[in-house]
Amino acid sequence: MPTPDTSHISPIWGRAVPGTLIAERGEGAYLYTTDGQQLLDFTCGIGVTNTGHSHPRVVRAIQEQAAKLIHGQANIVYHDPLIRLTHELSQIVPEKLSSFFFSNSGAEILEASVKLAKHATKRPNIIVFNGSFHGRTHLTMAMTTSKTIYRVGYQPLPAGIFVTPYPYAYKYGWDEATTVDYCLAELKLLFKAQTAPDETAAIVIESVLGEGGYVPPPARFMHELRELCDHYGILLIADEVQSGFGRTGKWFGFEHTGIVPDMICMAKGLASGMPLSGLAASPDVMSKWTPGSHGGTYGGNAVACAAAVATIQTIREEKLLENSTRMGEVLMIGLRRLQEEYPEIGDVRGVGLMVATEFSTEKREPWTERAKAATKASLDEGLMLLTCGSYDNIIRWIPPLIVNEAQVKDALGMFEKALKKN
Ligand SMILES: Cc1ncc(COP(=O)(O)O)c(C=O)c1O
Numbered sequence: 075m076p077t078p079d080t081s082h083i084s085p086i087w088g089r090a091v092p093g094t095l096i097a098e099r100g101e102g103a104y105l106y107t108t109d110g111q112q113l114l115d116f117t118c119g120i121g122v123t124n125t126g127h128s129h130p131r132v133v134r135a136i137q138e139q140a141a142k143l144i145h146g147q148a149n150i151v152y153h154d155p156l157i158r159l160t161h162e163l164s165q166i167v168p169e170k171l172s173s174f175f176f177s178n179s180g181a182e183i184l185e186a187s188v189k190l191a192k193h194a195t196k197r198p199n200i201i202v203f204n205g206s207f208h209g210r211t212h213l214t215m216a217m218t219t220s221k222t223i224y225r226v227g228y229q230p231l232p233a234g235i236f237v238t239p240y241p242y243a244y245k246y247g248w249d250e251a252t253t254v255d256y257c258l259a260e261l262k263l264l265f266k267a268q269t270a271p272d273e274t275a276a277i278v279i280e281s282v283l284g285e286g287g288y289v290p291p292p293a294r295f296m297h298e299l300r301e302l303c304d305h306y307g308i309l310l311i312a313d314e315v316q317s318g319f320g321r322t323g324k325w326f327g328f329e330h331t332g333i334v335p336d337m338i339c340m341a342k343g344l345a346s347g348m349p350l351s352g353l354a355a356s357p358d359v360m361s362k363w364t365p366g367s368h369g370g371t372y373g374g375n376a377v378a379c380a381a382a383v384a385t386i387q388t389i390r391e392e393k394l395l396e397n398s399t400r401m402g403e404v405l406m407i408g409l410r411r412l413q414e415e416y417p418e419i420g421d422v423r424g425v426g427l428m429v430a431t432e433f434s435t436e437k438r439e440p441w442t443e444r445a446k447a448a449t450k451a452s453l454d455e456g457l458m459l460l461t462c463g464s465y466d467n468i469i470r471w472i473p474p475l476i477v478n479e480a481q482v483k484d485a486l487g488m489f490e491k492a493l494k495k496n
């Protein structure tokens, strides 16, 4: 078959996976390319297809809804999928966060959360964490410090964003307690030196640091963060765009630490690949947002909402949270075994099916080439993986939540072969 002509596609979409893959179809944990390859997809379209590719229940919901109503604009009409989605979501978020707004992408919902925080608190500033990724709009670029490539050539970015260290113990080479103490001290210093608490509207944190390296935060850190926010009347916003919808073995990543945020930003896994994002807040906070001061044409799209309802029901009924936890354990055990043989795997960490292998040299410096080579060699074996981290020296493992033990072991086998080749 002749290679299709991709020359009219903007090169701005840099290639995250080596070569030119043209996907023909997806089914469960596999992607099939037009040149006949079957690939085990442990990228999940960057953590989106949590129910697997084209889950029949999600497909049916999309088809049925498209035949009834594709678009019913949210300022003009409400529709059944939108209403049903708010009811489904209210069953899985903390009880007090029972009011929802919808948009199309992760970045848009982060923007929305910041706009709401500003209205609700009448304060101007936002605190974010070093290594975070919150999106690519101008505001969310200003909130993003995982890689300079996201900012180069676009500065200056919106002001009022302050960055504080994230408790990434492996990066610092410290134990967890020392790392948490340091990060809390730096945050408190930020309040004294850069943004006064009564000028700080919100602290935004990824419940598991994503693009910045797949690093779950210690529970003590999250509890102290919650206490500081309560003390100063600052809103705590959980960015669950990548960590939500069962990715970590719970509906939301923050559940592992026992805190309840004031807002939850969701996208990616919410609708199994349909463009939809959501914001949860308490009715009290939501009521402080002046009607008409935010919105959008497509937010709460009927087909996307129907897909989200089917996604939530599928995760619940197929017990995918439990599977995410169990398969995450199988994966981590397998990767830790490989770590013993391949010392370039400096760290294996994660929660549920949000798992990282960080590649480091003997001197514990980031080993980007090794991680990239292992990713490329894995693809040659039939396993799709992505890297992340400021140095791109971390391989992230994001299989769909429907993955089974044989597939996880298959992936580990392919990865081992790839490591051997390097
Ligand atoms: C934690 C997090 N927040 C926000 C975003 C931005 O989402 P989108 O690419 O849909 O705008 C991403 C995307 O990777 C993300 O991982």
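According to my numbering, the residues represented by the sequence shown are 75 to 496, in order.
Just so it is clear, CB atoms sit at the ideal spot from N, CA and C, and this is done for glycine as well.
The model shown is predicted, which means the values in this text are computed figures rather than measured ones.
In the structure shown, A140 falls within a helical segment according to DSSP collapsed to helix, strand and coil. Rounded to the nearest angstrom, the gap between the Cα atoms of T461 and V151 is 42 Å. Between the alpha carbons of S434 and Y244 lies a gap of roughly 11 Å. In the structure shown, I389 adopts helical secondary structure according to DSSP, grouped into three states.
Here the region 352-368 lies against the region 160-179, with 3 or more beta-carbon pairs under 8 Å apart. In summary, Y242 is buried, with 16 or more beta-carbon neighbours lying within 10 Å of its beta-carbon over all protein chains present. Its Cα nearest to that of H193, the residue V359 stands out among V202, V359, V282, P349. If the five residues before and after L261 are omitted, its C-beta is found closer than 6 Å to the C-beta atoms of T238, all from its own chain and listed in chain order.
Within the same chain, and ignoring the five residues on either side of E185 in sequence, the residues whose Cβ sits closer than 7 Å to its Cβ are T211, L213, T214.
Distances from the CA of A275 to each of G234, R294, Y240 were compared; the closest alpha carbon is that of G234. Counting along the chain, M296 sits inside no beta strand (DSSP E); it lies in the alpha helix (DSSP H) bounded by residues 293-306.
Per DSSP, the unbroken alpha helix (DSSP H) holding L394 starts and ends at 394-415. DSSP places V122 outside both helix and strand once states are collapsed to three, so it counts as coil.
Looking from the CA of M340, the closest CA among G102, G374, G332, T331 belongs to G374. Sorting P232, K142, I277, L459 by C-alpha distance to the C-alpha of N204 places I277 at the top. The DSSP-derived three-state label of E490 is helix.
Around the beta-carbon of W87, fewer than 16 other beta-carbon atoms lie within 10 Å, marking it exposed. Two segments are said to touch when three or more pairs of C-beta atoms, one from each, lie closer than 8 Å; by this definition the region 470-478 touches the region 394-414. Between ligand 1 and the CB of D466, the shortest heavy atom gap is not smaller than 8 Å.
Put simply, the residues with a CB less than 6 Å from any heavy atom of ligand 1 are I120, S179, G180, A181, L184, F207, H208, G209, E280, G284, E285, D313, V315, Q316, A341, in chain order. Proximity to D484 across G93, A181, D115, D79 peaks at D115, based on C-alpha coordinates.
For T253, the three-state secondary structure derived from DSSP is helix.
Taking a contact as a CB-CB distance under 8 Å, the pair M337 and L309 counts as one, their CB atoms being some 6 Å apart. Inter-residue distance for H161 and T218 is about 32 Å (C-alpha atoms, whole angstroms). For P155 and H208, the gap between their C-alpha atoms comes out near 27 Å. A residue is called buried when at least 16 other Cβ atoms come within 10 angstroms of its Cβ; K342 meets this threshold and is buried. Under the DSSP definition of a beta bridge, A186 lacks any partner. Under DSSP, T431 forms a beta bridge with V422, I469. Secondary structure note for M217: it is in no alpha helix (DSSP H), with a DSSP letter that is neither H nor E. Of the residues assessed, Y246 falls on the exposed side of the cut-off, its CB having fewer than 16 other CB atoms within 10 angstroms. Using a Cβ distance threshold of 9 Å, T385 and V226 do not count as a contacting pair.
Q165 sits exposed, since fewer than 16 C-beta atoms from the chains shown fall within 10 Å of its C-beta.
When the five nearest sequence neighbours on each side are left out, the beta carbons in the same chain lying within less than 6 Å of the beta carbon of N467 are those of F433, P440, W441, T442, A445, in order along the chain.
Around the CB of H82, fewer than 16 other CB atoms lie within 10 Å, so the residue is classed as exposed.
Under the 10 Å beta carbon count, L263 is surrounded by fewer than 16 other beta carbons and is classified as exposed.
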